[in-house]
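In the working numbering, the protein residues as written are 1380 to 1703.
Each residue gets a CB set at the ideal place from its N, CA and C atoms; glycine is no exception.
Step one of this worksheet: look at the structure below.
Shown next, in the form of structure tokens:
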């Protein structure tokens, strides 16, 4: 693919200079997304600003652009020596697959509807394909129909829609039910749990900050992980009328919010699922961290909401081949 930049504008598009652009890019991202930015997003902006002042980090970053999954590479658009457009390119590796994530596509409100986002995204695709990556991904909020069309016109295809649910209320006692039993996850539940994890979190998106599922299993990797990495893995299972309905897993992670990894049958009983999530929340409340769930959009929404979670956002995951 070749890039068609309007005549006289090619000098406005240039690669991100990680040693001097981070602060300006942070300002632009904050301006463009402040209305939908959560606490994690705000911390991300603060980290970018701190990094822009950290000489040791900047020296390291120059040599780590293509080897670490951080937004250290990309392109910016300048007008009158001011950055008004940005795109970040984040490399990932999973099972020998080389993947690029396009992120932080931002254009200053005063410069929108001029094709800048289109040109930046084209340039990002070209950059990734020159490096012969296997695929290029991005995700965009489902209500941003203009951006979805832009990306579709550039060859991206929707692969999934996923909702992030944030714990929003203090966990309460679940209604007693003799038919629902919530217990610690038992080893013989693992084969079914593993199958459900692969259904809920398809292989093609597990490169994006998801654990190796074997750390929740019963084999050597599970025990080695508990022995040398993290012993505080917590798992519970819900059964109704003696039938396994779902398993939820938790382990510490960096940051103030941590995920619950929910493995459930596609036709799981809603009462059992809510009881399971409430049980996990009550037992994790001493961790003093907020919890969230990433789950296929539209699935088990009533059960998750009944457990005190509220939908934070729904993202459309889109993919383009890296070799096209």
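_As an exercise, report each continuous alpha helix (DSSP H) stretch of at least 4 residues that is fully enclosed by the segment 1522-1597, in chain order._
1524-1532, 1569-1579
*Which of helix, strand or coil does DSSP assign to residue 1434?*
On the chain shown, position 55 is the one that residue 1434 refers to. Residue 1434: helix per DSSP, three-state reduction.
*Do three or more CB pairs link the segment 1477-1489 to the segment 1426-1442 at distances below 8 Å?*
no
*Identify, in the order they occur along the chain, each residue of the same chain with its Cβ nearer than 7 Å to the Cβ of residue 1580, setting aside the five sequence neighbours on each side.*
For the purposes of this step, residue 1580 is identified with residue 201 of the chain shown, where counting begins at 1. The answer, listed in chain order, is 1589.
*Do you know whose CA, among 1565, 1685, 1501, 1528, lies nearest residue 1363's CA?*
Absent from the model: residue 1363. The displayed extent of the chain is 1380 to 1703, so no value can be given.
*asked:* Rounding to the nearest angstrom, what Cα-Cα distance links residue 1456 and residue 1390 in this structure?
replied: Here residue 1456 corresponds to residue number 77 of the chain shown, with the count starting at 1. Here residue 1390 corresponds to residue number 11 of the chain shown, with the count starting at 1. Near 9 Å, if we compare the C-alpha coordinates of residue 1390 and residue 1456.
_Continuous alpha helix (DSSP H) stretch holding residue 1661: start and end_ = Along the chain shown, one-based indexing puts residue 1661 at 282. Start and end: 1649-1663.
*DSSP on residue 1352, reduced to helix/strand/coil?*
No answer is possible for residue 1352: the residues shown for the chain start at 1380 and end at 1703.
*Check whether the Cβ atoms of residue 1686 and residue 1618 lie closer than 8 Å to each other.*
In the chain shown, counting from the first residue as 1, residue 1686 sits at position 307. In the chain shown, counting from the first residue as 1, residue 1618 sits at position 239. In this structure, residue 1618 does not lie closer than 8 Å to residue 1686 by Cβ.
*Are residue 1697 and residue 1536 close, meaning C-beta to C-beta below 8 Å?*
Stepping through the chain shown from its first residue, residue 1697 is reached at position 318. Stepping through the chain shown from its first residue, residue 1536 is reached at position 157. In this structure, residue 1536 lies closer than 8 Å to residue 1697 by Cβ.
_Only counting the same chain, and skipping five residues up and downstream in sequence, which positions put a Cβ closer than 6 Å to that of residue 1709?_
The structure shown does not extend to residue 1709, since the chain is modelled only from 1380 to 1703, so the question has no answer here.
_Between the alpha carbons of residue 1673 and residue 1404, how many angstroms are there, rounded?_
Position 294 of the chain shown, counted from the start, is the residue given in the question as residue 1673. Position 25 of the chain shown, counted from the start, is the residue given in the question as residue 1404. Near 28 Å, if we compare the C-alpha coordinates of residue 1404 and residue 1673.
*asked:* Please state whether the Cβ-Cβ distance between residue 1463 and residue 1490 is less than 8 Å.
replied: Counted from its first residue, the chain shown places residue 1463 at position 84. Counted from its first residue, the chain shown places residue 1490 at position 111. Yes, these two residues count as a Cβ contact at 8 Å.
*Which value, in whole angstroms, describes the spacing of the CA atoms of residue 1701 and residue 1465?*
Residue mapping note: residue 1701 aligns to position 322 of the chain shown, counting from 1. Residue mapping note: residue 1465 aligns to position 86 of the chain shown, counting from 1. Each residue's alpha carbon lies about 21 Å from the other.
_Can you tell me whether residue 1664 is buried or exposed? The criterion is at least 16 other CB atoms within 10 Å of its CB, across all chains shown._
For this step, residue 1664 is matched to residue 285 along the chain shown. When all chains shown are included, residue 1664 counts as exposed.
*Rank 1519, 1595, 1593 by C-alpha distance to the C-alpha of residue 1543 and give the top, closest one.*
Taking the first residue of the chain shown as 1, we reach residue 1543 at position 164. Minimum Cα distance to residue 1543 is reached at 1519.
*Around the Cβ of residue 1614, are there at least 16 other Cβ atoms within 10 angstroms (buried) or fewer (exposed)?*
Taking the chain shown and counting its residues from 1, the one referred to as residue 1614 is at position 235. By the neighbour-count rule (16 or more Cβ atoms within 10 Å), residue 1614 is buried.
*According to DSSP, which residues form a beta bridge with residue 1518?*
By 1-based counting over the chain shown, the position of residue 1518 is 139. 1696.
*Environment of residue 1502 [buried if 16+ CB atoms lie within 10 Å]*: Within the chain shown, residue 1502 is the residue found at index 123, counting from 1. The residue in question, residue 1502, is buried, as its Cβ has 16 or more Cβ neighbours within 10 Å.
*Specify the secondary structure class of residue 1448 as computed by DSSP and reduced to three states.*
Reading the chain shown from its first residue, position 69 is the one you call residue 1448. If DSSP states are grouped into helix, strand and coil, residue 1448 belongs with coil.
*Residue from 1621, 1677, 1683 whose Cα sits closest to the Cα of residue 1649*: Translated into the one-based positions of the chain shown, residue 1649 becomes position 270. The candidate whose alpha carbon is nearest that of residue 1649 is 1683.
*When the Cα atoms are used, what is the spatial distance from residue 1522 to residue 1508?*
Position 143 of the chain shown, counting from 1, holds the residue named residue 1522. Position 129 of the chain shown, counting from 1, holds the residue named residue 1508. So the alpha carbons of these two residues sit roughly 29 Å apart.
_Here's the rule I'm using: 16 or more other beta-carbon atoms within 10 Å means buried, otherwise exposed. How should residue 1380 be labelled?_
Residue mapping note: residue 1380 aligns to position 1 of the chain shown, counting from 1. In this predicted model, residue 1380 has a pLDDT of only 41, less than 50, meaning its place in the structure is not dependable enough to derive any value.
*Which term fits residue 1485, buried or exposed, when burial requires 16 or more other beta carbons within 10 angstroms of its beta carbon?*
Counting from 1 along the chain shown, the entry for residue 1485 is found at position 106. Only buried fits residue 1485, as 16 or more other CB atoms lie within 10 angstroms of its CB.
_Comparing C-alpha positions only, which one of 1646, 1629, 1587 sits nearest to residue 1324?_
No statement about residue 1324 is possible, as the shown extent of the chain runs from 1380 to 1703 and does not include it.
*Over the uninterrupted beta strand (DSSP E) stretch that includes residue 1462, give me the two end residues.*
As a position in the chain shown, residue 1462 is number 83, starting the count at 1. 1461-1473 is the span of the beta strand (DSSP E), which, as asked, contains residue 1462.
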